[in-house]
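This is the structure:
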């Protein structure tokens with residue numbers, strides 16, 4: 001496989017889930033985690049990385065785990081750890097563990113749009129509301145990493161750009177992140 005074809009999926013699952021009452025990676029006895037891994041693996045990712053932190057668990061195949069030692073610093077620490085783990089993959093798909101209704105069809109649609117666009121950036125939208133997954137070409141990873149701060153994840157990097165392809169996926173999922181039980 002050439003570098004131009006490699007896709008790494010990253011499940012952001014390191015947080016403590018303070019509003020949820022427990023780390024979301026543990027939600028529904030790991031069902032959310034399995035769904036996120038499956039969505040990425042079946043949606044076109046050659047490798048799936050799960051970023052853990054507040055809770056360290058066994059991850060389902062075919063994923064591998066990395067631990068964000070500074071997970072308490074916020075989502076930026078999780079994204080940074082995930083980006084460090086993707087190596088030379090040409091495409092990175094960022095996904096969150098707390099959006100359990102997002103499936104492989106959403107991941108595939110957003111990944112396809114990113115590949116077909118010249119910008120190398122694509123993001124799912126749900127009835128006009130931005131959400132996950134977010135696809136980032138390798139050439140943007142350094143800029144993304146430099147923009148990471150606190151609990152913002154990729155938001156600051158994405159917010160300042162006008163070249164992001166937005167992909168409506170409201171026909172496939174709600175894309176809602178679940179913050180409370």
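Numbering (UniProt numbering), first residue to last: 1 to 181.
All C-beta atoms in this analysis are idealised placements derived from N, C-alpha and C, irrespective of residue type, glycine included.
From a predicted model like this one, the values you see are computed outputs, not experimental measurements.
A contact is defined here as three or more CB-CB pairs under 8 angstroms, and the segment 139 to 153 fails this definition with respect to the segment 163 to 180. Checking the DSSP bridge columns, you'll see residue 65 partnered with 50. Setting aside the 5 residues that flank it on each side, residue 47 is surrounded in the same chain by 8, each with a C-beta closer than 6 angstroms to its C-beta; the list follows chain order.
Under the three-state reduction of DSSP output, residue 25 falls in the helix class. Exposure of residue 64 is indicated by the presence of fewer than 16 other C-beta atoms within 10 angstroms of its C-beta. Inside the UniProt domain "MobA-like NTP transferase" (9 to 160), DSSP marks whole beta strand (DSSP E) runs of 3 or more residues at positions 47 to 52, 64 to 67, 91 to 96, 121 to 126, 129 to 137, from first to last along the chain.
Nearest to residue 35 by C-alpha distance, out of 16, 19, 76, 60, is 60. Here the C-alpha atom of residue 55 lies approximately 8 angstroms from the C-alpha atom of residue 26. Cβ atoms of residue 30 and residue 57 come within 8 angstroms of each other, at about 7 angstroms.
For residue 125, the closest C-alpha among the options 21, 45, 76, 165 is that of 165.
Put simply, the segment 151 to 166 touches the segment 74 to 92. At least three CB pairs are less than 8 angstroms apart. The beta carbon of residue 180 sits closer than 7 angstroms to the beta carbons of 19, 20 from its chain, once the five residues preceding and following it are set aside; these are given in chain order. Residue 168 is bridged by DSSP to 125.
The beta carbon of residue 163 is closer than 7 angstroms to those of 119, 121 in its chain, skipping five residues each way along the sequence. Taking all protein chains shown into account, residue 42 has fewer than 16 neighbouring C-beta atoms within 10 Å of its C-beta and is therefore exposed.
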